[in-house]
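S.K.: Residue numbers for the sequence shown follow my numbering, beginning at 37 and rising by one.
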Amino acid sequence: MLQVCLNGARDRSECEWLPVTPQQLGDAAAEAVSLGARSIHIHPKDEKGADTMAAVSVDAAVAAVRASAPGVPIGVTTGEWTEPDPERRAALVRSWSVLPDHASVNWHEEGAEVVADALLSVGIGVEAGVYSGTDAAVRLRGWPGVGRVVRVLGEVVEHDPERAVGVAEELLRELAGLGGLDRVGRGVLLLHGEEGGAWPVLRVAAGRGLDVRIGVEDTLVLPDGRVAEGNGVLVRAALEEVAGAAR
Numbered sequence: 037m038l039q040v041c042l043n044g045a046r047d048r049s050e051c052e053w054l055p056v057t058p059q060q061l062g063d064a065a066a067e068a069v070s071l072g073a074r075s076i077h078i079h080p081k082d083e084k085g086a087d088t089m090a091a092v093s094v095d096a097a098v099a100a101v102r103a104s105a106p107g108v109p110i111g112v113t114t115g116e117w118t119e120p121d122p123e124r125r126a127a128l129v130r131s132w133s134v135l136p137d138h139a140s141v142n143w144h145e146e147g148a149e150v151v152a153d154a155l156l157s158v159g160i161g162v163e164a165g166v167y168s169g170t171d172a173a174v175r176l177r178g179w180p181g182v183g184r185v186v187r188v189l190g191e192v193v194e195h196d197p198e199r200a201v202g203v204a205e206e207l208l209r210e211l212a213g214l215g216g217l218d219r220v221g222r223g224v225l226l227l228h229g230e231e232g233g234a235w236p237v238l239r240v241a242a243g244r245g246l247d248v249r250i251g252v253e254d255t256l257v258l259p260d261g262r263v264a265e266g267n268g269v270l271v272r273a274a275l276e277e278v279a280g281a282a283r
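#1: Which residues bound the beta strand (DSSP E) around Leu-211?
#2: Taking all protein chains shown into account, do 16 or more other C-beta atoms lie within 10 angstroms of the C-beta of Val-56, making it buried, or fewer, making it exposed?
#3: Would you tell me roughly how many angstroms separate the C-alpha atoms of Ala-91 and Gly-62, rounded to the nearest one?
#4: Do you know how far the Cα of Thr-114 is from the Cα of Glu-83?
#5: Decide if Pro-58 is buried, meaning its Cβ has at least 16 other Cβ atoms within 10 Å, or exposed.
#6: Under DSSP, the alpha helix (DSSP H) around Glu-123 begins and ends at which residues?
#7: Please go through the same chain and pick out, in chain order, the residues whose beta-carbon is closer than 7 Å to the beta-carbon of Val-186, but skip the five residues on each side of it.
#8: Leaving aside the five residues before and after Glu-205 along the sequence, list all residues of the same chain whose C-beta is less than 8 Å from its C-beta, in chain order.
#9: The alpha helix (DSSP H) that contains Val-101, what's its start and end?
#10: May I ask you to list the residues that DSSP assigns as paired with Leu-226?
#11: Tell me which residues share the same chain as Arg-222 and place their Cβ nearer than 6 Å to its Cβ, disregarding the 5 neighbours each side in the sequence.
#12: I'd like the list of long-range same chain contacts for Tyr-167, defined as Cβ closer than 6 Å, with 5 residues on each side in sequence excluded.
#13: Return the first residue and the last residue of the alpha helix (DSSP H) that Ser-157 is part of.
#14: Using 8 Å as the threshold, is the C-beta distance between Leu-225 and Asp-260 below it?
#15: Taking Ala-73 and Val-271 to be in contact with their CB atoms under 8 Å, please state how far apart those CB atoms are, rounded to whole angstroms.
#16: Could you tell me which residues DSSP puts in a beta bridge with Thr-113?
#17: What does the Cβ neighbour count give for Asn-267, buried or exposed, with the cut at 16 atoms within 10 Å?
#18: Going by DSSP, what residue range makes up the beta strand (DSSP E) through Ala-164?
#19: If I follow the unbroken alpha helix (DSSP H) through Leu-38, where does it start and stop?
#20: Can you grab the Cα-Cα spacing for the pair Val-50 / Ala-264, in whole Å?
#21: Using C-beta distances below 6 Å, list every residue in its chain close to Gly-321, excluding the 5 sequence neighbours before and after it, in chain order.
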């Protein structure tokens, strides 16, 4: 399965065609799904273009993406940069009226368990984000709800292309046999990198038959280093990499 991450915490200073508004997110989602993406991750933005968990923005973004890509699971961020107080983030989750299918929770962040419990309480699935170089895997193991996660997001934050591969392998070892999950493998673990590590880590994941992710949140360039001109070309390139790994 390939998940497309349409915008991330970036702003227009980094990428002039970044999808920001609900309509732009909907259009980008429709294109990515038409090319083969089977899951969508978005960062709803406020009127200034900053990430937010406010209901007015989340509801509008999720509604627009769902209308443009019906039947495709949609996820949103709950990163602490949107709201430092985890109790406040949990309250914001409970204020949403247009619910995403799942939301990512970064397990190295303070109060991750509080936010995850809030998501489950309103029927939203949890994608457990485990960053490389953190204690997130240990913390996730200790959470009573670990067996209820939609998937684990193994997130390699090393940007150097060569070092990212080794970091990815180490992260996979940390996640092996994660307690409470039936298995950490196909359909349960999505492994991805970012910036210079995005494509090397995608190849590691594809080679192991794991779910993969690509999009403007993770990288602005194609495997050959050319600047990508949208999420669609990134999705197309990612699927070519996955097909190559399968051959």
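All C-beta atoms, glycine included, are put in the ideal place defined by N, C-alpha and C.
Given the structure is predicted, the values throughout are model-derived calculations rather than measurements.
M.R.: Inspection of the coordinates gives the following:
#1: As a first step, residue 211 must be located in the sequence shown, where it is residue number 175. Segment 197 to 211 is the alpha helix (DSSP H) holding Leu-211; no beta strand (DSSP E) there.
#2: Here residue 56 refers to the residue found at position 20 when the sequence shown is read from its first residue. With 16 or more other Cβ atoms within 10 Å, it is buried.
#3: For the purposes of this step, residue 91 is identified with residue 55 of the sequence shown, where counting begins at 1. For the purposes of this step, residue 62 is identified with residue 26 of the sequence shown, where counting begins at 1. Straight-line Cα distance between these residues: approximately 17 Å.
#4: As a first step, residue 83 is located in the sequence shown; it is residue number 47 there, counting from the start. As a first step, residue 114 is located in the sequence shown; it is residue number 78 there, counting from the start. Our two residues, Glu-83 and Thr-114, have alpha carbons roughly 18 Å apart in a direct line.
#5: In the sequence shown, residue 58 corresponds to position 22, counting from 1. Its Cβ being crowded by 16 or more others within 10 Å, Pro-58 is buried.
#6: For the purposes of this step, residue 123 is identified with residue 87 of the sequence shown, where counting begins at 1. That run of the alpha helix (DSSP H) goes 122 to 131.
#7: Numbered from its first residue, the sequence shown carries residue 186 at position 150. The answer, listed in chain order, is His-138, Gly-161, Val-162, Glu-163.
#8: In the sequence shown, residue 205 corresponds to position 169, counting from 1. For Glu-205, where only same-chain residues beyond five positions count, the Cβ hits under 8 Å are Val-240.
#9: Working through the sequence shown from its first residue, we reach residue 101 at position 65. Looking at the DSSP string, the run of the alpha helix (DSSP H) that includes Val-101 is 91 to 104.
#10: Position 190 of the sequence shown, counted from the start, is the residue given in the question as residue 226. The partner list for Leu-226 (beta bridge, DSSP) reads Leu-189, Asp-247.
#11: Residue mapping note: residue 222 aligns to position 186 of the sequence shown, counting from 1. At Arg-222 the pLDDT is 43, less than 50, meaning the model places this residue with poor confidence and gives no usable figure here.
#12: Indexing the sequence shown from 1 puts residue 167 at position 131. Cβ within range, chain order: His-144, Glu-191, Val-193.
#13: One-based indexing of the sequence shown puts residue 157 at position 121. Here the alpha helix (DSSP H) through Ser-157 covers 148 to 157.
#14: Position 189 of the sequence shown, counted from the first residue, corresponds to residue 225. Position 224 of the sequence shown, counted from the first residue, corresponds to residue 260. No, these two residues do not count as a Cβ contact at 8 Å.
#15: As a position in the sequence shown, residue 73 is number 37, starting the count at 1. As a position in the sequence shown, residue 271 is number 235, starting the count at 1. Their Cβ separation, rounded to whole angstroms, is 5 Å, which keeps Ala-73 and Val-271 in contact under 8 Å.
#16: Stepping through the sequence shown from its first residue, residue 113 is reached at position 77. In the DSSP output, where bridge partners are listed per residue, Thr-113 has Ser-140.
#17: The residue labelled residue 267 in the question sits at position 231 within the sequence shown. Flag for Asn-267 reads buried.
#18: Position 128 of the sequence shown, counted from the first residue, corresponds to residue 164. Counting along the chain, the beta strand (DSSP E) containing Ala-164 begins and ends at 161 to 167.
#19: Reading the sequence shown from its first residue, position 2 is the one you call residue 38. Where Leu-38 is concerned, there is no enclosing alpha helix (DSSP H), although the beta strand (DSSP E) it sits in stretches over 38 to 41.
#20: Here residue 50 refers to the residue found at position 14 when the sequence shown is read from its first residue. Here residue 264 refers to the residue found at position 228 when the sequence shown is read from its first residue. It should be noted that the sequence gives Glu, not Val, for residue 50. A straight-line Cα-Cα distance of about 12 Å links Glu-50 and Ala-264.
#21: With the chain represented from 37 up to 283, any question about residue 321 goes unanswered, as that position is not in the structure.
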